[in-house]
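Chemist: Straight run, no breaks: the sequence shown in this note's numbering ends on number 512.
Ideal placement from N, C-alpha and C gives every residue a C-beta, glycine not left out.
Could you have a look at this structure, given as structure tokens, before my questions?
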Amino acid sequence: MSLSRRGLLAAGGGAVGALAAAAPTAAAHGDRGRAVRTGFERLAADGYAALAGERVGVVTNPTGITRDVRHIVDVMHADERVDLIAVFGPEHGFRGTAQAGGSEGRYDDPATGLPVYDTYLKSGRPLADVFTASGVDTVVFDIQDAGARFYTYIWTLFDCMEAAALAGKQFVVLDRPNPVTGRAALGPVLDKRFATFVGREPIAQAHGMTVAELALLFNGEFLTQPVDLSVITMKGWRRTDFFDETGLPWVPPSPNMPTPETAVVYSGTCLFEGTNLSEGRGTTRPFELLGAEGVDRHWAAAANALELPGVRFREAYFAPTFSKFQGKTVGGVQVHVHDRASFDPVRAGIGLLVTAKASWSGFAWRPDNWIDKLTGTTSVRTLIDAGADTDEVVGAWAADLAAFRAVRRRYLRY
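Now the structure itself:
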């Protein structure tokens with residue numbers, strides 16, 4: 099089947115929806131013989147027809163790989179059918195050398211000689227000027243997401259789409275799986291008063307969408323000047339698939355997202371970045387280990403008493419090698435998900451906040467109220483401070499979430 103670029107133009111389904119619908123259904127859930135084909139695989143299989151005659155730049159990071167773990171930039175650079183002239187690196191960098199809150203800056207890639215431009219913390223006209231200076235006609239995006247609103251790559255996507263529109267560039271998104279499935283949107287919806295790089299627009303905390311679906315949503319709902327957008331969907335991915343059911347290799351999309359299991363809990367436990375407890379950075383299980391000095395067995399007991407579906411909490415002790423409590427032994431919990439299908443990570447994160455505050459007298463929010471930026475609302479913080487239980491906090495966002503789910507449904511492609 100030909101994948102002409104215009105045939106994949108993402109406006110209301112069309113060929114994109116038909117291609118997604120044509121994906122084969124596996125005989126059994128979790129069949130390891132079933133291989134999901136990424137957007138890049140489909141682009142390459144069609145001889146890069148969608149990029150024919152274009153000077154191309156790629157926004158990517160170490161997750162932009164083939165199933166035999168070659169980087170797509172290396173593959174495209176070696177292929178005479180693609181005029182690849184630039185690379186754009188997000189947070190952590192194109193080759194992934196920077197930690198959280200860092201990037202690699204402007205340099206020439208030693209492997210390919212291509213100029214690498216830094217997109218981190220750039221948006222609007224300054225980023226548009228980067229695209230213009232690079233000389234590209236088309237910007238291609240291929241980065242593995244983690245499924246949470248505050249994971250910054252989706253806002254790199256948003257910013258790059260906005261900048262490409264300003265610069266008059268075409269934009270192509272190569273789809274990859276949402277590693278924690280695309281079954282449902284969960285959690286509070288961002289209030290625009292709290293818009294930052296960990297949440298630009300009003301989407302749910304766990305959005306339940308792929309990057310291509312998000313691009314369609316951004317273009318249709320939020321960009322004041324829509325970009326000339328194409329998406330190349332996957333083949334064989336189902337909304338119920340966790341990452342280990344795709345047959346694709348996992349590359350940590352950032353230093354503290356080492357495994358697909360990390361992503362399963364991340365959209366809930368990342369909320370601990372907004373507290374004085376460690377979120378497990380500096381350990382081998384970030385976002386699965388949570389704790390602080392003075393926390394003891396009572397927190398795990400209180401969390402388990404909530405009887406949250408699909409998860410148990412183990413009393414745990416650990417010593418982070420960096421970040422909060424570096425070099426100190428702290429007490430807390432390890433999150434053990436035993437039934438991913440029934441596990442609600444956002445509800446679990448709220449339950450852990452409620453029980454941490456109730457069981458440990460030292461609990462405090464970060465002084466800058468970063469929790470409000472992560473949740474996109476003041477209600478989580480204020481309700482927990484007022485003594486609300488988990489159900490009350492979760493119930494506060496029900497109406498906004500229902501409204502977002504209705505909008506989201508229009509942009510799903512699988």
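Bridge partners of proline 384, per DSSP?
Modeler: Proline 384 is bridged to Leu387.
Chemist: Under three-state DSSP, which class holds aspartate 144?
Modeler: Coil, per DSSP.
Chemist: If you measure from the CB of threonine 210, is any heavy atom of the ligand GTP nearer than 6 angstroms?
Modeler: Looking for the ligand GTP in the displayed structure turns up nothing, as the structure carries no ligands at all.
Chemist: Over the uninterrupted beta strand (DSSP E) stretch that includes isoleucine 241, give me the two end residues.
Modeler: Neither: isoleucine 241 is in no beta strand (DSSP E) and is coded neither H nor E.
Chemist: Would glycine 474 and glycine 297 be called neighbours here (beta carbons separated by less than 7 angstroms)?
Modeler: Result yes, Cβ atoms of glycine 474 and glycine 297 sit closer than 7 angstroms.
Chemist: Round the Cβ separation of valine 237 and glycine 145 to the nearest angstrom and send it over; I've been treating them as touching at under 8 angstroms.
Modeler: With 8 angstroms as the limit, valine 237 and glycine 145 do not qualify as a contact, their Cβ atoms being about 20 angstroms apart.
Chemist: Go ahead and pull the three-state DSSP assignment for glutamate 413.
Modeler: Three-state DSSP puts glutamate 413 in a strand.
Chemist: Could you tell me which uninterrupted alpha helix (DSSP H) segments, each at least 4 residues in length, are contained entirely in the region 388-454, listed from first to last along the chain?
Modeler: Correct list: 395-403.
Chemist: If you run the structure through DSSP and keep just helix, strand and coil, what is isoleucine 469?
Modeler: Note: isoleucine 469 maps to helix in three-state DSSP.
Chemist: For the beta strand (DSSP E) that arginine 153 lies in, which residues bound it at each end?
Modeler: That run of the beta strand (DSSP E) goes 153-158.
Chemist: Would you tell me roughly how many angstroms separate the C-alpha atoms of alanine 143 and isoleucine 330, rounded to the nearest one?
Modeler: Using only the alpha carbons, I get a separation of about 12 angstroms.
Chemist: So, with DSSP's three-state summary, where would you put glycine 297?
Modeler: It is a strand residue.
Chemist: Any idea what DSSP makes of threonine 210, helix, strand or coil?
Modeler: Reduced to three states, the DSSP call for threonine 210 is coil.
Chemist: Mind reading off the beta-carbon distance from isoleucine 482 to valine 491? Whole number of angstroms is fine, and I expect it under 8 angstroms.
Modeler: Confirmed, about 6 angstroms.
Chemist: From Gln323, Ala302, Arg379, Thr453, pick the residue whose C-alpha is nearest to that of serine 352; which is it?
Modeler: Nearest of Gln323, Ala302, Arg379, Thr453 to serine 352, Cα basis: Arg379.
Chemist: Between which two residues does the beta strand (DSSP E) containing threonine 285 stretch?
Modeler: Note that residue 285 is glycine in the sequence shown, not threonine. Element bounds for glycine 285: 284-287.
Chemist: Run through the DSSP bridge pairs and tell me what histidine 169 is partnered with.
Modeler: Per DSSP, Ile163.
Chemist: Along the chain, where does the alpha helix (DSSP H) that runs through serine 365 open and close?
Modeler: 358-367 is the span of the alpha helix (DSSP H), which, as asked, contains serine 365.
Chemist: Given this structure, state the Cα-to-Cα distance separating aspartate 437 from proline 443, to the nearest angstrom.
Modeler: For aspartate 437 and proline 443, the distance between alpha carbons rounds to 11 angstroms.
Chemist: Could you spell out where the alpha helix (DSSP H) holding serine 477 opens and where it closes?
Modeler: 477-483 is the extent of the alpha helix (DSSP H) around serine 477.
Chemist: Could you pull the DSSP bridge partners for glutamine 268 from this structure?
Modeler: Note: glutamine 268 sits in a beta bridge opposite Thr236, Asp326.
Chemist: What residues match up with alanine 496 in a beta bridge as DSSP calls it?
Modeler: Alanine 496 is not bridged to any residue.
Chemist: Could you check if valine 278 is buried or exposed, using at least 16 other CB atoms within 10 Å of its CB as the buried criterion?
Modeler: So valine 278 ends up on the buried side.
Chemist: Going by other Cβ atoms of all chains shown within 10 Å of its Cβ, with 16 needed for buried, is asparagine 276 buried or exposed?
Modeler: Buried, by the Cβ-count rule.
Chemist: Quick one, are the C-beta atoms of threonine 488 and valine 433 less than 7 angstroms apart?
Modeler: It is not a contact, given that the beta carbons lie outside the stated cut-off.
Chemist: Does chain D have any CB closer than 7 angstroms to the CB of serine 376?
Modeler: The chain labelled as chain D is not found in the depicted structure, where only one protein chain is given.
Chemist: Which same chain residues end up closer than 8 angstroms to threonine 419 when comparing Cβ atoms and leaving out the 5 residues on each side of it in sequence?
Modeler: So the qualifying residues of the chain are Gly380, Thr381, Gly425.
Chemist: If we count Cβ pairs, one from each stretch, closer than 8 angstroms, do we get three or more for the region 449-469 versus the region 399-415?
Modeler: The answer is yes - the region 399-415 touches the region 449-469, with three or more Cβ pairs under 8 angstroms.
Chemist: Return the CA-CA distance between alanine 231 and glycine 187, expressed in angstroms with no decimal places.
Modeler: C-alpha separation (whole angstroms): 15 angstroms.
Chemist: From glutamate 386 to cysteine 368, what distance separates their C-alpha atoms?
Modeler: When rounded, the distance between both Cα atoms is 9 angstroms.
Chemist: Between the C-alpha atoms of alanine 118 and phenylalanine 341, what's the straight-line distance to the nearest angstrom?
Modeler: Per-residue confidence for alanine 118 stands at a pLDDT of 32, beneath the threshold of 50, marking its modelled position as unreliable; the derived number appears in the next sentence. Taking the straight line from one Cα to the other gives about 18 angstroms.
Chemist: Checking 7 angstroms against the spacing of the C-beta atoms, do phenylalanine 138 and isoleucine 170 come in under that value?
Modeler: Closer than 7 angstroms, so yes.
Chemist: Keeping to the same chain, check which residues put their C-beta closer than 6 angstroms to that of glycine 191; ignore five residues upstream and five downstream.
Modeler: Closer than 6 angstroms at Cβ, skipping near neighbours: Ser201, Glu202.
Chemist: Taking the C-alpha atoms as reference points, what is the distance between leucine 149 and valine 180?
Modeler: Their backbone Cα atoms lie some 7 angstroms apart in a straight line.
Chemist: Please tell me whether valine 431 and alanine 414 are closer than 7 angstroms, where the distance is taken between their beta carbons.
Modeler: Result yes, Cβ atoms of valine 431 and alanine 414 sit closer than 7 angstroms.
Chemist: Identify, in the order they occur along the chain, each residue of the same chain with its Cβ nearer than 6 angstroms to the Cβ of valine 393, setting aside the five sequence neighbours on each side.
Modeler: Here the set comprises Gly429, Gly430, Trp458.
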